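As structure tokens, the structure follows; a few thoughts come after it.
What follows is the structure, given as structure tokens:
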């Protein structure tokens, strides 16, 4: 089936640094999502993105977070600066239409020291 | 309150036994997916089943939309089935986003 890729699979950085998580969505999909899962906790919605704009974001999507997809390349989640509580697995997803099935990537495990 | 509730929270089976996992949700769902999350954290979509019954391999999901519940049946469990099974719904209200349950942790022993 359709695949969503995420790069890197793991990232370790020092608190205060900037990190960019990359997502390669399904090629013809138009809607993009990020979810966050802190170790041992439930997966939670962060943000969705369409036509170059954030459509909806949750309270977990702090001011230090930003998303973009320049020129149809990777869909990225940038955290600047990072904090200890940003340590989590971040999952990217994409869907063709807003109401369609979302396809998830395998996740990027981020550890902030 | 909790929008997606999964039961049981954990389950231990002998290899070859069947598993029945439940997902109840408190609002209407236009999408419903079952996922497998490996002990390492990777996520794999198993079935998308907003209504009716779907089969794939040893998995069968039955969703009764009106009753806001879905089940995932795993037949002839194997040790490699061990991991966490997540249920997620899309409430279909305006902007679409998945709401996940806390999962059922399955351990299959040889």
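Residue numbers (the numbering used here), protein chains in the order written: chain S, 1 to 113; chain D, 114 to 223.
Ideal Cβ placement from N, Cα and C applies to all residues, glycine included.
The model shown is predicted, which means the values in this text are computed figures rather than measured ones.
Residue pairing by DSSP puts residue 75(S) in a beta bridge opposite 23(S). By the beta-carbon neighbour count (other beta carbons within 10 angstroms, threshold 16), residue 86(S) is buried.
In the three-state scheme derived from DSSP, where H, G and I count as helix and E and B as strand, residue 141(D) is classed as coil. As the crow flies, the alpha-carbon of residue 106(S) is around 12 Å from that of residue 22(S). Taking a beta-carbon distance threshold of 7 Å, residue 188(D) does not count as an interface residue toward chain S. Residue contact check for residue 122(D) against chain S: no CB pair falls below 7 Å. Closer than 9 Å at the C-beta level to chain D, one finds these residues of the stretch 57-75 of chain S: 58.
The Cβ of residue 89(S) sits closer than 7 Å to at least one Cβ of chain D. By the Cβ criterion, the stretch 120-128 of chain D is not in contact with the stretch 91-99 of chain S, since fewer than three pairs of Cβ atoms, one from each stretch, lie closer than 8 Å. Taking a contact as a CB-CB distance under 8 Å, the pair residue 77(S) and residue 34(S) counts as one, their CB atoms being some 5 Å apart.
Under the Cβ distance rule, residue 48(S) counts among the residues neighbouring chain D, one pair being separated by less than 7 Å. Counted as a single uninterrupted DSSP element, the beta strand (DSSP E) harbouring residue 13(S) occupies residues 10-13. Under the DSSP assignment, residue 169(D) falls in the beta strand (DSSP E) whose first and last residues are 165-169.
Contacts with chain S (Cβ-Cβ distance below 8 Å) from the stretch 175-205 of chain D involve 199, 201, 203, 205, listed in chain order. Within chain S, no C-beta atom comes nearer than 7 Å to that of residue 129(D); the closest sits roughly 28 Å away.
By the rule that beta-carbons nearer than 7 Å mark a contact, residue 134(D) does not touch chain S. Non-local C-beta neighbours of residue 169(D) in its own chain, meaning closer than 8 Å and more than five positions away in sequence, comprise 159, 160, ordered along the chain.
Listed by position along chain D, the residues whose Cβ is nearer than 8 Å to that of residue 99(S) are 143, 144, 203, 205, 209. When the beta-carbon positions are compared, residue 204(D) and residue 137(D) stay at least 7 Å from each other. The shortest C-alpha to C-alpha distance from residue 110(S) to any of 104(S), 88(S), 92(S) is the one to 88(S). For residue 81(S), there are no neighbours in chain D by C-beta distance under 9 Å, as the nearest C-beta there is about 24 Å away.
Within its own chain, the residues whose Cβ lies closer than 8 Å to the Cβ of residue 163(D), once the five positions on either side in sequence are excluded, are 142, 143, 144, 145, 176, 178, listed in chain order.
Straight-line measurement puts the Cα of residue 126(D) at about 36 Å from the Cα of residue 12(S).
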